[in-house]
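Working notes, beginning with the structure itself.
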Amino acid sequence: MNERSCLEKIRNLGVRLHELELAQPLPGKSYASAALDFLFNEHQIARPSGAPLDHTLQTLGKALIEKQQLKFQRLDADSVIDYFCRFYRVH
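For the sequence shown, the residue numbers in full-length UniProt numbering are 1 to 91.
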């Protein structure tokens, strides 16, 4: 999946989190940023600043593997997004 598609899915996730009243985008921030902030806070890890999107999502994937005790060694960026979109029922 290309970066534009990733960002669109993350934005849709942010909109869904807003609908569920789990995350509110701050003034001047996007739904995508609000979604990432929420997910990193939810997993109690610091969001890497200035890192490429792929690296940011892989960092989140590592936390997901540890927290959920998944049998994967690594999740790619697409898998991380797909997991959270399914979890929060984003279409």
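Glycine included, each C-beta is placed from N, C-alpha and C at the ideal position.
Source: prediction; values computed, not measured.
Excluding its 5 nearest sequence neighbours in each direction, Y31 has C-beta neighbours in its own chain below 6 Å: R11, G14, V15, P25, listed in chain order. The alpha-carbon of V90 is positioned some 11 Å away from that of E8.
In the three-state DSSP reduction, A51 falls in the coil class, being neither helix nor strand.
When secondary structure is reduced to three states using DSSP, N41 falls in the helix class.
A Cβ-Cβ contact shorter than 9 Å links Q58 with V80.
Around the beta-carbon of L39, 16 or more other beta-carbon atoms lie within 10 Å, marking it buried.
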